[in-house]
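This report concerns only the one structure given below.
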Amino acid sequence: MPVLFRFFMPTATALALIASISILYGGSANAATDKPAPSFGFSGDPNRPRRHFRVRDAAELDSKTAQRNYARMVDDMARGYAVSNLSVAKSYRRWKKYNIAPYLSATHGRRFVNNYANAAASAYGMHEKAGPLPEGAVLAKDSFMVADDGSMAAGPLFIMEKMAPGFNYVSGDWRYTMILPDGSIFGVTKGENSARVGFCIGCHLARERFDHLFFVPKAFRVGK
595 MPVLFRFFMP TATALALIAS ISILYGGSAN AATDKPAPSF GFSGDPNRPR
645 RHFRVRDAAE LDSKTAQRNY ARMVDDMARG YAVSNLSVAK SYRRWKKYNI
695 APYLSATHGR RFVNNYANAA ASAYGMHEKA GPLPEGAVLA KDSFMVADDG
745 SMAAGPLFIM EKMAPGFNYV SGDWRYTMIL PDGSIFGVTK GENSARVGFC
795 IGCHLARERF DHLFFVPKAF RVGK
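Okay, here's the thing in structure tokens:
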């Protein structure tokens, strides 16, 4: 079964990854044109999206199957993210993971996600009792898609970094970064293409009383 990547903006790197990942999982070098992969995108103006597109025909998987699919893909996903040269993209897999298996995230368009946090964000494991996380706390959420027909595709890496007080009142001083599967940086709060991740701030603002944080669903929390 080929594992195909679909990217928001095609690049030479993206096309090379499509070919290499397809071959790795038993497909052909032109598999990207043989059968369309589930894609990720956004609603509205691509430079000022309102929300994630919902993955059509997303598969409902049990935890073991979701984890098995993630295990097949994660090394290649991580290599793609690392092309960004951001330290978080290169190191997040060494951090603690707070979910027992990938789970479907409605807020990320029914993609399967995992929640990682660095040492400074260790209180994240207290979930709703965590309180405000300190400056230097970083959360990373990698993502992938599985369709009902069994096809799979990598999704973005979503990053939240707690900045110094006064960085951005509306975001609760969180900086959002989205890295596409080929390592392209889609947007950074108060950085390049900041408007592209503005919808992240709007969504997380609904969780202002929890320091703008969403937590792992209870059924998937470590230790539960």
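Numbering-wise (our numbering), the sequence shown opens with residue 595 and increments by one.
Every residue, glycine too, gets a C-beta built ideally from N, C-alpha and C.
Remember, it's a predicted structure, so these values are computed and weren't measured experimentally.
Taking only runs that begin and end inside the stretch 679-759, name each unbroken beta strand (DSSP E) of 3 or more residues, in chain order. 697-699, 705-711, 732-740, 746-756, all fully within the stretch 679-759.
Below 8 Å, how does it come out for the stretch 748-758 and the stretch 767-774: are there three or more Cβ pairs, yes or no? Because the criterion of three Cβ pairs below 8 Å is met, the stretch 748-758 and the stretch 767-774 touch.
Considering only the beta carbon of each residue, do residue 757 and residue 786 sit closer than 9 Å? No. Outside cutoff.
With DSSP as the reference, please indicate the residues paired to residue 773 in a beta bridge. Looking at the DSSP output, residue 773 shares a beta bridge with 751, 779.
With distances taken Cα to Cα, identify the nearest neighbour of residue 678 among 639, 777, 789, 792. Of the listed residues, the one whose Cα sits closest to residue 678 is 777.
Taking the alpha carbon of residue 668 as the reference point, which residue from 650, 739, 793, 726 has its own alpha carbon closest? Distance from the Cα of residue 668 is smallest, within the candidate group 650, 739, 793, 726, for 739.
With burial defined as no fewer than 16 other Cβ atoms inside 10 Å of the residue's Cβ, what is the status of residue 810: buried or exposed? Counting Cβ neighbours within 10 Å, residue 810 comes out buried, since at least 16 surround it.
What's the C-alpha gap between residue 689 and residue 682? Taking the CA atoms as reference points, residue 689 sits about 10 Å from residue 682.
Could you name the residues that DSSP lists as bridge partners for residue 800? Answer is none; residue 800 lacks a bridge partner.
Taking the alpha helix (DSSP H) that residue 669 belongs to, which residues open and close that run? DSSP places residue 669 in the uninterrupted alpha helix (DSSP H) bounded by 657-676.
Roughly how many whole angstroms lie between the Cα atoms of residue 633 and residue 643? Residue confidence is low: residue 633 scores 47 on pLDDT, short of 50, so the model does not pin down where it sits. No coordinate-derived value is stated.
Rounded to whole angstroms, what is the Cα-Cα separation between residue 801 and residue 792? Rounded to whole angstroms, residue 801 to residue 792 spans 15 Å at the Cα level.
Pop quiz: residue 735 and residue 712 are said to be a contact at Cβ under 8 Å. What is the actual Cβ separation, rounded to whole angstroms? Incorrect: roughly 13 Å between the Cβ atoms, too far for contact.
How many Å lie between residue 746 and residue 697 at the Cα? Those two C-alpha atoms are separated by around 15 Å.
Can you tell me whether DSSP reads residue 790 as helix, strand or coil? When secondary structure is reduced to three states using DSSP, residue 790 falls in the helix class.
Below 8 Å CB to CB, which residues in the same chain sit around residue 814 once its five sequence neighbours on both sides are set aside? 657, 693, 694, 695, 697.
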